[in-house]
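These notes are about the structure you will find just below.
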Amino acid sequence: MKQADAARLHEVGQGIFAWVQQDGTWWLNNAGAVVGDDGVLIVDTCATKQRTRRFLEAVAEVTGGAPVRTAVNTHQHGDHSYGNCLLPDQTMIFGHEAMRNALLADDVIDGCPPFWTPVPNWGNVTRRPPSAVFRSELTLYLGRRRVELRHPGHAAHTAGDVVAWLPDERVLFAGDLLFNGLTPMVLMGSLEGALRSLDWLAGFEPEYIVPGHGPLAGASELPEILAAHERYYRFVLETARKGRENGLTPLAVARDTDLGEFADWVDAERLVLNIHRAYADASGGEADLITAFSDAMTWNGGPLPTSV
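The following block contains the structure:
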């Protein structure tokens, strides 16, 4: 079995499960399931029909086929949302209003640009956005179990990031606000916002954290994970500042940058994407996604790797 195929459920609390896909690289996300008295809440789906089906089958096995009544998407990216169409028709899907708008506008699901190799095979998934949206926060009750859906109040990884927080069990599904041991990506969000989100995440004081990608973490590991994110975001901002002062393109800056302590993080080519984001933020414009991904592919010396 390839490492990327070694996905499985981990019970992180009674009736609380994290679906972890190793090694968390492009399109290989984490997801989750929370069991309540009257059914199951799904936290994110997966990029492809095959991977989402495996996830939902694993959930059905551990829950005895309990009905999936609700779901939430932590943001719009396809690795967390394209599998929505595999959820039962009666499942109510929640998400931030910006997430719904972004998924409706997403054209990658209709035909992925050849930035990755192999080009992901979604498996004829269809776009299914949330049918219920919110702006700030929303509390769901699964019988007696409380799940709080919260937005940080600003763009970070994306404009519509949501975490799922179980305050009684102190379990936090952080979505892509956290990448544990992998290079974070903020091309469609904000570096300053991503920095601000770190204190916000710490404020939950969780006992168990499910990041959007990478290994699960406990409370003792969270401070260093957050500190590493902070160092990386500040590194990108400073690198971009110097590049702009010297009149360099994001690709030129990235080619001339020593990644230092971040060199061993998977998906290092995201540096190019993040510099594009920093340039756009500094100029008050918007990042050109096609140019950014083309530059990342050039930096990588070819298409970006994926096991989907």
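One rule links them: number in the working numbering = place in the sequence shown (from 1) + 3. Even glycine gets a Cβ: it sits at the ideal position worked out from N, Cα and C.
Just confirm the distance between the C-beta atoms of residue 71 and residue 42, as a whole number of angstroms; I'd bet it's less than 8 Å. Rounded to whole angstroms, the Cβ separation of residue 71 and residue 42 is 7 Å, and the two are in contact under 8 Å.
In chain order, what residues of the same chain have a beta carbon less than 7 Å from the beta carbon of residue 302, not counting five sequence neighbours either side? 254, 257, 258, 272, 275
From the DSSP output, which residues share a beta bridge with residue 221? 211
Residues bridged to residue 44 [DSSP beta-bridge criterion]: 37, 73
Alpha carbon to alpha carbon, what distance is there between residue 77 and residue 144? 18 Å
Any Cβ of chain D within less than 8 Å of the Cβ of residue 240? In the displayed structure, chain D is absent; only one protein chain is listed.
Hey, residue 30 and residue 123: beta-carbon distance below 8 Å or not? yes
Does the distance from the CB of residue 284 to the CB of residue 210 come in under 8 Å? no
Between which two residues does the alpha helix (DSSP H) carrying residue 276 extend? 273-286
So is residue 249 buried or exposed if we call it buried at 16+ other beta carbons inside 10 Å? exposed
Residue 225 to residue 161, Cα distance in whole Å? 21 Å
Sort out for me which residues DSSP pairs residue 137 with in a bridge. Its beta-bridge partners are 99.
Quick check on the burial criterion: 16 or more other C-beta atoms within 10 angstroms. Buried or exposed for residue 55? Taking every protein chain shown into account, the CB of residue 55 has 16 or more other CB atoms within 10 angstroms, so this residue is buried.
Grouping DSSP H, G and I as helix and E and B as strand, with all else coil, what is residue 190? coil
Per DSSP, what are the beta-bridge partners of residue 22 in this structure? 12, 34
On the DSSP bridge assignment, give the partners of residue 148 in chain order. Residue 148 pairs with 145.
DSSP state of residue 175 mapped onto helix, strand, coil: strand
Three-way DSSP call (helix, strand, coil) for residue 180 in this model: strand
What are the partner residues of residue 120, as DSSP defines its beta bridges? In the DSSP assignment, residue 120 forms a beta bridge with 308.
Around the C-beta of residue 129, are 16 or more other C-beta atoms found within 10 angstroms, so that it is buried, or is it exposed? exposed
Per DSSP, what kind of secondary structure is residue 167 in: helix, strand or coil? strand
CB contact flag (residue 37, residue 213, <8 Å): The answer is no: Cβ separation not under 8 Å.
If you draw a straight line from the C-alpha of residue 7 to the C-alpha of residue 243, how long is it? Residue placement at residue 7 is flagged as unreliable, the pLDDT there being 43, under the threshold of 50; the coordinate-derived value follows with that caveat. Each residue's Cα considered, the two are about 32 Å apart.
Could you name the residues that DSSP lists as bridge partners for residue 185? 269
Pull up the CB-CB distance for residue 106 and residue 59, whole angstroms please, since I reckon it's below 8 Å. Contact doesn't hold; Cβ gap of about 19 Å is too wide.
Is it buried or exposed for residue 164, if we count other Cβ within 10 angstroms and need 16 for buried? buried
Give me, in chain order, the residues of the same chain whose beta-carbon lies closer than 7 Å to that of residue 172; leave out the 5 immediate sequence neighbours on both sides. The residues are 16, 19.
What's the gap between the Cα of residue 5 and the Cα of residue 11? Low confidence applies to residue 5: its pLDDT is 42, below 50, so where it sits in the model is not reliable, and the reading given next is rough at best. Roughly 13 Å between the two C-alpha positions.
Can you name, in chain order, every residue of its own chain whose Cβ lies under 6 Å from the Cβ of residue 296, other than the five neighbours on each side? 118
So what's residue 216 in DSSP terms, helix, strand or just coil? strand
Could you pull the start and end residues of the alpha helix (DSSP H) that residue 128 belongs to? Run containing residue 128: none; DSSP gives neither H nor E here.
CA-CA distance, residue 47 and residue 252? 35 Å
Rounding to the nearest angstrom, what Cα-Cα distance links residue 158 and residue 197 in this structure? 7 Å
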